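For reference, the structure discussed in these notes is given below.
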Amino acid sequence: MSKGIRRYKSAAAGNGVALGRCERIRMPRAKVLLCCLCGLLAVAIMLGLYMSGDLSSSSSTRTHAVDLTKDKLSHRPSKLSVAQVKRLVSHASLGRLWETHLRPILRERLPGTAGSKLVRQHIISQLRSLSAGWLVETDSFSSPTPHGSVIFSNVLAVLDPIAPRRLLLACHYDSKAIQPPPGETQKPFVGASDSAVPCAMILELVTALDSQLKSLTQQKVPLTLQLVFFDGEEAFQEWTATDSLYGSRHLAERMSHAPHPAGAPHTTLLQAVDLFVLLDLIGAPDPLFVNHFDNTARWFDRLIAAEKRLHKLGLLSSHPSEQSYFRKDVYLGPVQDDHIPFLQRGVPVLHLIATPFPSFWHTLQDTEENMHAPTVENLTKIMMVFLAEYLGL
Ligand SMILES: [Zn+2]
Numbered sequence: 006m007s008k009g010i011r012r013y014k015s016a017a018a019g020n021g022v023a024l025g026r027c028e029r030i031r032m033p034r035a036k037v038l039l040c041c042l043c044g045l046l047a048v049a050i051m052l053g054l055y056m057s058g059d060l061s062s063s064s065s066t067r068t069h070a071v072d073l074t075k076d077k078l079s080h081r082p083s084k085l086s087v088a089q090v091k092r093l094v095s096h097a098s099l100g101r102l103w104e105t106h107l108r109p110i111l112r113e114r115l116p117g118t119a120g121s122k123l124v125r126q127h128i129i130s131q132l133r134s135l136s137a138g139w140l141v142e143t144d145s146f147s148s149p150t151p152h153g154s155v156i157f158s159n160v161l162a163v164l165d166p167i168a169p170r171r172l173l174l175a176c177h178y179d180s181k182a183i184q185p186p187p188g189e190t191q192k193p194f195v196g197a198s199d200s201a202v203p204c205a206m207i208l209e210l211v212t213a214l215d216s217q218l219k220s221l222t223q224q225k226v227p228l229t230l231q232l233v234f235f236d237g238e239e240a241f242q243e244w245t246a247t248d249s250l251y252g253s254r255h256l257a258e259r260m261s262h263a264p265h266p267a268g269a270p271h272t273t274l275l276q277a278v279d280l281f282v283l284l285d286l287i288g289a290p291d292p293l294f295v296n297h298f299d300n301t302a303r304w305f306d307r308l309i310a311a312e313k314r315l316h317k318l319g320l321l322s323s324h325p326s327e328q329s330y331f332r333k334d335v336y337l338g339p340v341q342d343d344h345i346p347f348l349q350r351g352v353p354v355l356h357l358i359a360t361p362f363p364s365f366w367h368t369l370q371d372t373e374e375n376m377h378a379p380t381v382e383n384l385t386k387i388m389m390v391f392l393a394e395y396l397g398l
């Protein structure tokens with residue numbers, strides 16, 4: 006929006022310069038008046054022709070940017086009936102989440118390795134098997150790291166690439182390089198909660214919602230869904246500004262330079278993001294998710310409401326109280342994660358990360374055996390309701 010306003014001011018300044026030139030002509034008064042009138046007429050005609058071309062496109066772009074911001078801020082979720090909620094979550098399958106989506110991710114997947122490629126191919130093939138029509142792209146780039154130059158590959162998927170606005174749902178699929186303690190047998194770190202389970206949840210969400218997402222895309226509505234599976238979230242050594250978040254730093258930069266809609270001079274793909282929802286460190290029992298940002302608090306409220314509603318309907322298991330997971334009354338401080346490069350560029354963020362971190366965080370105990378299946382299923386159902394309401398499915 007700020008770019009549009011600058012363009013508007015420079016057009017007004019140009020108009021003033023054209024009038025100033027006429028005042029400097031020295032002639033008898035009648036001739037001066039006539040000349041000035043003719044001059045003004047000519048300038049007006051030329052300006053009219055000019056404005057009908059270039060300026061009108063600038064004006065529509067500015068209007069587009071303003072509308073985009075207004076539409077984002079005023080976006081209202083739909084309200085599902087009890088019958089709709091029940092029908093919706095009946096499509097979620099824990100068995101499919103675990104066997105089809107999660108198991109192939111539970112391996113070492115360091116950036117640039119064969120393990121990473123296998124997991125990436127698994128994610129891509131799952132998305133391409135759906136009927137909603139995902140446009141899947143591998144976003145590869147190389148970056149210097151403490152271990153030399155490494156090739157990273159984000160996986161991006163979008164339903165309707167030309168929709169003016171998009172809800173972005175993200176996780177990271179790389180695993181951290183963790184050395185086993187001295188004397189212990191070599192065992193790979195599979196990062197079940199970090200972040201194999203969040204990736205599997207996203208795959209299950211779009212699988213369970215496949216038919217609704219297909220009809221959303223066919224309706225050509227102004228809002229669509231984008232998925233991002235980031236590579237290179239983890240640091241190779243100590244977490245620093247340059248040794249971490251390789252994939253998200255690259256993508257945020259790239260989206261900030263990508264015109265959207267195609268060819269637009271002043272609006273970018275980054276501005277098209279309504280909300281950036283990031284899932285991380287999910288799978289341990291009794292997780293706590295807190296609200297990190299005031300500007301997205303109303304969306305955090307939707308998660309609280311979805312949890313309460315599903316609890317009251319008896320649709321959650323191993324769920325002791327109606328507000329077990331999402332809490333606004335506690336705050337344990339910010340967490341550095343893949344949302345940072347987007348947050349720094351003004352994108353609204355909903356950071357869904359378990360805090361405190363699971364006890365097995367960044368240890369070889371972050372395994373399938375230590376995941377709590379009912380919690381994963383409950384959170385998937387809550388996210389289904391959230392997505393259905395946000396997107397109006
Ligand atoms: Zn980690």
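In the working numbering, the protein residues as written are 6 to 398. Cβ coordinates follow ideal geometry from the N, Cα and C atoms, glycine included. None of these values were measured; they are calculated from a predicted model.
Practice prompt. Look at the alpha carbon of Q223 and the alpha carbon of E189, and state the distance between them as a whole number of angstroms.
Written response: 54 Å
Worksheet item: If you run the structure through DSSP and keep just helix, strand and coil, what is S83?
Response: coil
Worksheet item: If you drop the 5 nearest sequence neighbours on each side, which residues of the same chain put their C-beta closer than 8 Å to that of L102?
Response: A205, M206, L208, E209, V381, E382, T385
Discussion item. Once DSSP output is grouped into helix, strand and coil, what is the label at D334?
Written reply: coil
Discussion item. Taking the alpha-carbon of K84 as reference, which of L348, L357, I345, R307 has the nearest alpha-carbon?
Written reply: R307
Worksheet item: With respect to 7 Å, is the separation between the Cβ of E327 and the closest non-hydrogen atom of ligand 1 below this value?
Response: no
Practice prompt. Taking 8 Å as the cut-off, decide whether the C-beta atoms of L228 and R171 are in contact.
Written response: yes
Worksheet item: Near ligand 1, which residues have their beta-carbon closer than 6 Å to a heavy atom?
Response: K181, D199, E239, H367
Worksheet item: When burial is assigned at 16 or more other CB atoms within 10 Å of the CB, is Y395 buried or exposed?
Response: buried
Item to complete: Could you pull out every residue in the same chain whose Cβ sits closer than 6 Å to the Cβ of L230, ignoring the five residues on either side in sequence?
Response: L164, L172
Worksheet item: In this structure, does DSSP put Q276 in helix, strand or coil?
Response: coil
Worksheet item: In chain order, what residues of the same chain lie with their CB nearer than 8 Å to the CB of D215, ignoring the 5 residues before and after it?
Response: L135, S136, A137
Discussion item. Please give the ranges of any alpha helix (DSSP H) in the region 202-261, keeping only runs that are unbroken, at least 4 residues long and fully inside the region.
Written reply: 202-213, 215-223
Discussion item. Measuring straight from C-alpha to C-alpha, what distance separates H177 and K333?
Written reply: 25 Å
Fill in: DSSP-derived helix/strand/coil call for S121
helix
Worksheet item: By a C-beta neighbour count over all protein chains shown, 10 Å radius and 16 as the cutoff for buried, is P379 buried or exposed?
Response: exposed
Discussion item. As a quick exercise: from I387, F391, F362, pick the residue whose alpha carbon is nearest that of D199.
Written reply: F362
Worksheet item: What does E142 pair with, by DSSP beta-bridge criteria?
Response: L161
Practice prompt. Output yes or no for whether 8 Å exceeds the beta carbon distance between A359 and P292.
Written response: yes
Fill in: Test item: CB-CB of V233 and N300 under 8 Å
no
Discussion item. Assuming contact is defined by CB atoms lying nearer than 8 Å, are F281 and H344 in contact in what I supplied?
Written reply: yes
Worksheet item: Given 8 Å as the limit, is there contact between the region 142-150 and the region 250-262, that is, 3 or more CB pairs closer than that?
Response: yes
Worksheet item: Once you ignore the five residues that flank K91 on each side, which residues in its own chain have a CB closer than 8 Å to its CB?
Response: L318, L320
Worksheet item: Over what stretch of residues does the beta strand (DSSP E) that includes L102 continue unbroken?
Response: Segment: none, L102 is in no beta strand (DSSP E) and carries neither H nor E.
Item to complete: Rank S323, L369, L174 by C-alpha distance to the C-alpha of V2 and give the top, closest one.
Response: Past the boundaries of the shown model lies residue 2; the chain is included only from 6 to 398, so the question cannot be answered.
Worksheet item: So F194 packs on S180, CB below 8 Å; how close in whole Å?
Response: 6 Å
Worksheet item: Does the Cβ-Cβ distance between Y336 and E312 come in under 8 Å?
Response: no
Practice prompt. Report the residue from I287, L218, G117, P186 whose alpha carbon sits nearest the alpha carbon of W366.
Written response: I287
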